[in-house]
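Asks:
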Amino acid sequence: KNEVEQSPQNLTAQEGEFITINCSYSVGISALHWLQQHPGGGIVSLFMLSSGKKKHGRLIATINIQEKHSTLHITASHPRDSAVYICAVAPNFGNEKLTFGTGTRLTIIP
Amino acid sequence: KAGVTQTPRYLIKTRGQQVTLSCSPISGHRSVSWYQQTPGQGLQFLFEYFSETQRNKGNFPGRFSGRQFSNSRSEMNVSTLELGDSALYLCASSLGPLTGALSEQYFGPGTRLTVT
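In order, the protein sequence lines correspond to chains A and B.
So that you can map any letter, position 63 of the first sequence is 63 in my numbering, and since no number is skipped, the others follow by simple counting.
So that you can map any letter, position 108 of the second sequence is 108 in my numbering, and since no number is skipped, the others follow by simple counting.
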């Protein structure tokens with residue numbers, strides 16, 4: 001069993017829909033990262049969380065430390081949101097050794 | 001402020017050769033981490049350097065090595081290349097472990113290595 005599990009693996013939605021991507025992990029962590037990767041490879045860090053909830057524009061990330069679970073929401077989805085979203089966990093403070101989920105491929109249809 | 005840069009962006013090598021990839025972090029960042037991404041294994045941690053010292057290492061053979069210079073720029077080297085080393089190699093920089101604060105990582109565009 002992978003230490004970091006994401007669901008769904010693939011998600012296709014219509015423009016404007018509310019998107020939810022899930023991440024569950026099985027180890028103790030100091031932080032959880034949500035990353036976005038567009039075709040071509042470049043990775044952008046969307047959020048880094050250790051507790052609670054963060055919001056940036058149409059993106060919202062939450063984490064429940066007790067349940068070892070995080071969600072990434074996209075409101076009013078747009079075709080430019082089409083990308084692979086990757087969850088990654090850091091084991092303890094100051095340790096940059098990230099363990100990654102397998103990613104969720106999101107496609108937003110106009 | 002300039003982002004993380006990686007050179008070269010694309011590289012084709014043959015089996016048995018060696019390769020050196022370079023990563024220049026964001027100015028002021030002292031930690032550089034390296035990752036390998038393949039279709040089969042996804043993203044995997046290679047190693048992390050902070051202040052010229054390797055702090056963490058992933059589960060890769062000794063053919064994979066790296067170093068960091070005093071200006072925080074980092075290089076990774078792969079010797080005796082195998083077909084399975086074909087991958088996107090990403091580096092990420094961060095401030096590093098300062099007073100236990102969380103440190104966001106900023107990724108470079110990657111170097112796509114093809115081994116034939």
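From the three backbone atoms N, C-alpha and C, an ideal C-beta is built for every residue, glycine too.
Since this is a predicted model, take the numbers as computed values, not measurements.
Hey, could you find the ends of the beta strand (DSSP E) Gly180 (chain A) is sitting in?
Replies: Residue 180 (chain A) lies beyond the residue range present for chain A, which begins at 1 and ends at 110; the question has no answer from this structure.
Asks: Helix, strand or coil: how does DSSP classify Gly84 (chain B) here?
Replies: Against the second sequence, residue 84 (chain B) aligns to sequence position 84. In the structure shown, Gly84 (chain B) sits in a helix (DSSP, three-state: H, G or I).
Asks: Please name the residue or residues paired with His69 (chain A) in a DSSP beta bridge.
Replies: Residue mapping note: residue 69 (chain A) aligns to position 69 of the first sequence, counting from 1. In DSSP, His69 (chain A) forms a bridge with A:Ser24 and A:Asn64.
Asks: Buried or exposed for Gln37 (chain A), please, with buried defined as at least 16 other CB atoms from any protein chain shown within 10 angstroms of its CB.
Replies: As a first step, residue 37 (chain A) is located in the first sequence; it is residue number 37 there, counting from the start. So Gln37 (chain A) counts as buried.
Asks: What residues in the stretch 14 to 45 of chain B have a beta carbon less than 8 Å from any beta carbon of chain A?
Replies: Taking 8 Å as the Cβ-Cβ cut-off against chain A, the residues of the stretch 14 to 45 of chain B that qualify are Ser31, Ser33, Tyr35, Gln37, Gly42, Leu43, Gln44 and Phe45.
Asks: Between the alpha carbons of Arg73 (chain B) and Phe50 (chain B), how many angstroms are there, rounded?
Replies: Here the question's residue 73 (chain B) lines up with position 73 in the second sequence. Here the question's residue 50 (chain B) lines up with position 50 in the second sequence. Cα-Cα distance, rounded: 10 Å.
Asks: Going by DSSP, what residues sit across from Gln6 (chain A) in a beta bridge?
Replies: Locating residue 6 (chain A) in the first sequence gives position 6, counting from the first residue. Gln6 (chain A) is bridged to A:Cys23.
Asks: Are the stretch 5 to 19 of chain A and the stretch 74 to 92 of chain B touching by the rule of at least three beta carbon pairs closer than 8 Å?
Replies: no
Asks: If you draw a straight line from the alpha carbon of Leu11 (chain A) to that of Pro91 (chain A), how long is it in whole angstroms?
Replies: Here residue 11 (chain A) corresponds to residue number 11 of the first sequence, with the count starting at 1. Here residue 91 (chain A) corresponds to residue number 91 of the first sequence, with the count starting at 1. In this model, Leu11 (chain A) and Pro91 (chain A) are separated by some 28 Å (Cα to Cα).
Asks: Could you tell me which of B:Ala92, B:Pro39, B:Thr111 and B:Leu113 sits nearest to Val44 (chain A), measuring between CA atoms?
Replies: Numbered from 1 along the first sequence, position 44 holds the residue referred to as residue 44 (chain A). Closest in alpha carbon position to Val44 (chain A), among B:Ala92, B:Pro39, B:Thr111 and B:Leu113, is B:Ala92.
Asks: Helix, strand or coil: how does DSSP classify Arg30 (chain B) here?
Replies: For the purposes of this step, residue 30 (chain B) is identified with residue 30 of the second sequence, where counting begins at 1. The DSSP-derived three-state label of Arg30 (chain B) is coil.
Asks: Under three-state DSSP, which class holds Arg63 (chain B)?
Replies: In the second sequence, the residue the question calls residue 63 (chain B) occupies position 63. Of the three classes helix, strand and coil, the one that applies to Arg63 (chain B) here is coil, per DSSP.
Asks: For chain A, check one thing: does any of its Cβ atoms lie closer than 8 Å to the Cβ of Phe69 (chain B)?
Replies: For the purposes of this step, residue 69 (chain B) is taken as residue 69 along the second sequence, with counting starting at 1. Closer than 8 Å: no.
Asks: Along chain A, in chain order, which residues have C-beta atoms closer than 8 Å to that of Leu88 (chain B)?
Replies: Taking the first residue of the second sequence as 1, we reach residue 88 (chain B) at position 88. The answer, in chain order, is Gly41.
Asks: Give the single residue among A:Gly41, A:Ala13 and A:Glu15 whose Cα lies nearest to the Cα of Ile86 (chain A).
Replies: Here residue 86 (chain A) refers to the residue found at position 86 of the first sequence. Ile86 (chain A) has its Cα closest to that of A:Gly41, out of A:Gly41, A:Ala13 and A:Glu15.
Asks: What's the C-alpha gap between Ile63 (chain A) and Lys54 (chain A)?
Replies: Taking the first residue of the first sequence as 1, we reach residue 63 (chain A) at position 63. Taking the first residue of the first sequence as 1, we reach residue 54 (chain A) at position 54. Computed Cα separation, rounded: 9 Å.
Asks: For Phe47 (chain A), which residues in the same chain have their Cβ closer than 6 Å to its Cβ, ignoring the five residues on either side in sequence?
Replies: Here residue 47 (chain A) refers to the residue found at position 47 of the first sequence. Trp34, Lys54 and Ala61, listed in sequence order.
Asks: In the DSSP assignment, the beta strand (DSSP E) including Ile29 (chain A) goes from what residue to what residue?
Replies: Taking the first sequence and counting its residues from 1, the one referred to as residue 29 (chain A) is at position 29. Looking at the DSSP string, Ile29 (chain A) is not in any beta strand (DSSP E), and its letter there is neither H nor E.
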